[in-house]
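Worksheet for the structure shown next.
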Amino acid sequence: FWTFARNELARGHFPLWTPHSLGGWSFPGFPHTACFYPLSVIFYLLPYEPATTYNTLIHLIISALLMRRFLRGLEVSRFASLLGALLWSTGGLFFFYCTFLPLLWTIAWTPLFFDSARRWMSGGKFAHLALFIIAGLLQFLGGSIESFFYEIIALALFLLVLCRTQSGENPGRVMGLFLG
Numbered sequence: 569f570w571t572f573a574r575n576e577l578a579r580g581h582f583p584l585w586t587p588h589s590l591g592g593w594s595f596p597g598f599p600h601t602a603c604f605y606p607l608s609v610i611f612y613l614l615p616y617e618p619a620t621t622y623n624t625l626i627h628l629i630i631s632a633l634l635m636r637r638f639l640r641g642l643e644v645s646r647f648a649s650l651l652g653a654l655l656w657s658t659g660g661l662f663f664f665y666c667t668f669l670p671l672l673w674t675i676a677w678t679p680l681f682f683d684s685a686r687r688w689m690s691g692g693k694f695a696h697l698a699l700f701i702i703a704g705l706l707q708f709l710g711g712s713i714e715s716f717f718y719e720i721i722a723l724a725l726f727l728l729v730l731c732r733t734q735s736g737e738n739p740g741r742v743m744g745l746f747l748g
């Protein structure tokens with residue numbers, strides 16, 4: 569995808585249509601191109617191999633930091649949250665995702681998606697809702713839309729469990745969050 573996009577941009581054209589497979593298809597219309605994902609800009613600036621390496625490393629670091637934040641928000645100890653973040657970002661799951669970048673780009677924002685929703689549900693500020701929307705948008709633009717929708721289902725279940733286990737939580741806010 570990215571070699572085609574770079575070549576088109578170098579010619580002064582936005583890559584709207586790729587004629588190279590299946591009789592041609594819409595480049596921005598195919599989600600796995602993730603052409604509107606902000607962190608994919610590195611593929612327009614560098615050759616494919618170094619761009620892939622740097623982009624993967626950036627996403628692994630982002631995901632580890634966000635997972636540590638999520639776990640600390642759940643009142644997990646410092647050591648356990650650090651260990652959890654390292655296992656999350658360097659485990660077999662992420663190494664599998666490194667072979668399909670749109671999936672990595674979507675999954676990397678999962679901890680922020682869950683954490684910001686949890687914080688907003690716990691009576692948080694508008695900033696938590698804004699972070700939730702930003703994380704969801706980044707996941708959607710990351711290119712693996714099917715994974716994003718699975719995460720929405722997992723998040724709904726996670727928040728419903730939190731509502732049942734913590735006093736003072738309002739399950740109606742969970743439904744409002746997802747219906748909105």
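Taking the numbering used here, the leading residue of the sequence shown gets 569, the next gets one more, and so forth. Don't be surprised by glycine CBs; every beta carbon is placed ideally from N, CA and C.
Do His627 and Trp673 count as a contact pair if the criterion is CB distance below 9 Å? yes
Discussion item. Please report the straight-line C-alpha distance between Gly760 and Ala698, rounded to a whole angstrom.
Written reply: One cannot answer for residue 760 here, as it falls past the ends of the chain, which runs 569 to 748.
ask   = Helix, strand or coil: how does DSSP classify Ser690 here?
value = It is coil, neither helix nor strand.
> How is the alpha helix (DSSP H) around Thr620 delimited, first residue to last?
Replying inline: Tyr616 to Gly641
Review point. Just how far apart, CA to CA, sit Thr601 and Ser608?
Key: 9 Å
Restricting to Cα atoms, I'd like to know which of Ala685, His588, Ser715 and Asn575 is closest to Leu727. Nearest option by C-alpha distance: Ala685.
Q) Could you give the distance in angstroms between the alpha-carbon of Glu719 and the alpha-carbon of Leu669? A) 17 Å
task: Check whether the Cβ atoms of Gly652 and Asp683 lie closer than 9 Å to each other.
output: no
- Message: If I measure Cβ to Cβ from Arg687 and keep anything under 6 Å in the same chain, skipping five residues before and after, which residues do I get?
- Response: His696
Could you tell me whether the Cβ atoms of Leu680 and Ser715 are closer together than 9 Å? no
Report task. Return helix, strand or coil for Trp593, following the three-state DSSP convention. Result -> The answer is strand: DSSP assigns Trp593 an E or B state.
Next item on the list: Specify the secondary structure class of Thr667 as computed by DSSP and reduced to three states.
Entry: In this structure, DSSP gives Thr667 a state outside helix and strand, which the three-state scheme calls coil.
### Message
Does Trp570 pass the burial test, meaning 16 or more other C-beta atoms within 10 Å, or should it be called exposed?
### Response
buried
Just how far apart, CA to CA, sit Phe717 and Phe662? 19 Å
Look at the Cβ atom of His588, then the Cβ atom of Phe572, and state whether they are nearer than 9 Å.
yes
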